[in-house]
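Asks: Handing you a structure now.
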Amino acid sequence: MTLMEIVDEVGLQVEVKQAALIQLKNHIKLHWQAKKDEMDKSEKEAIKNAILLAVIRCNRNHKLIKLYKDIFTIIIGMEYRHWLPVVPIVERITQEQDLVPLLHILLAIAASFEFSITEEERQHFFNFLK
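If you count the sequence shown from 1, position 13 lands on 13 in my numbering, and the numbers rise without skipping.
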């Protein structure tokens with residue numbers, strides 16, 4: 001069972017789900033672009049492919065949404081040139097009744113570009129939005 005699958009388990013307490021996301025966040029932070037013990041490409045792709053729907057399934061659990069937001073911020077900070085899921089998020093906004101998780105992810109993307117990037121990176125983001 002993957003860490004994101006633990007979060008989806010219906011019978012588990014929210015504290016267990018939080019612990020799983022904290023572990024995932026720390027794993028990503030340490031191994032996404034590590035020189036040693038880097039995550040393999042298939043693991044990264046699996047996370048990127050699953051994370052948006054995982055956030056939506058949080059059903060207004062703000063503790064879990066905040067952790068997913070942190071994970072998005074970390075991944076986007078490292079992958080923004082190759083993976084910037086703004087379009088899928090906007091498409092989902094038109095389909096979902098609960099916008100809170102998706103708006104948090106858009107905030108995470110904006111936060112990734114707000115302070116900690118160069119002018120070139122900021123320009124890449126704005127060009128993407130055009």
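The beta-carbon is built from N, C-alpha and C at its ideal position, and this holds for glycine as well.
1) Compute the distance between the beta-carbons of PHE128 and GLU121, then report whether it is under 8 Å.
2) For SER42 and ALA34, I'd like the C-alpha separation in whole angstroms.
3) Would DSSP call HIS82 helix, strand or coil?
4) Runs of 4 residues minimum, wholly inside the region 13–66: which ones carry the alpha helix (DSSP H) assignment?
5) Quick check on VAL55: buried or exposed, where buried means 16 or more other Cβ atoms within 10 Å of its Cβ?
6) Quick one: residues in its chain with C-beta nearer than 8 Å to the C-beta of LEU3, no 5 flanking neighbours on either side, listed in chain order?
7) According to DSSP, is VAL10 helix, strand or coil?
8) Cα separation between GLY11 and ILE51?
9) Give me the Cβ distance between ILE93 and LEU102, rounded to the nearest whole Å; I'm assuming they're in contact under 8 Å.
10) If you run the structure through DSSP and keep just helix, strand and coil, what is LEU99?
Replies: Let's see:
1) Taking the sequence shown and counting its residues from 1, one reaches residue 128 at position 128. Taking the sequence shown and counting its residues from 1, one reaches residue 121 at position 121. Contact: no.
2) Here residue 42 is taken as the residue at index 42 of the sequence shown, counted from 1. Here residue 34 is taken as the residue at index 34 of the sequence shown, counted from 1. Looking at the two C-alpha atoms, the distance is approximately 15 Å.
3) On the sequence shown, position 82 is the one that residue 82 refers to. Reduced to three states, the DSSP call for HIS82 is coil.
4) 14–31, 41–56
5) To locate residue 55, count along the sequence shown from 1; it is residue 55. VAL55 should be labelled buried.
6) Here residue 3 is taken as the residue at index 3 of the sequence shown, counted from 1. Closer than 8 Å at the Cβ level, and outside the excluded window around LEU3, lie ALA20, LEU21, GLN23, LEU24, HIS27.
7) In the sequence shown, counting from the first residue as 1, residue 10 sits at position 10. Coil.
8) Position 11 of the sequence shown holds residue 11. Position 51 of the sequence shown holds residue 51. GLY11 and ILE51: Cα-Cα distance of roughly 20 Å.
9) Residue numbering aside, residue 93 sits at position 93 when the sequence shown is read from its first letter. Residue numbering aside, residue 102 sits at position 102 when the sequence shown is read from its first letter. Going by Cβ atoms, the distance from ILE93 to LEU102 rounds to 5 Å, so yes, they are a contact pair.
10) The residue labelled residue 99 in the question sits at position 99 within the sequence shown. Looking at LEU99 - three-state DSSP - the assignment turns out to be coil, as it is neither helix nor strand.
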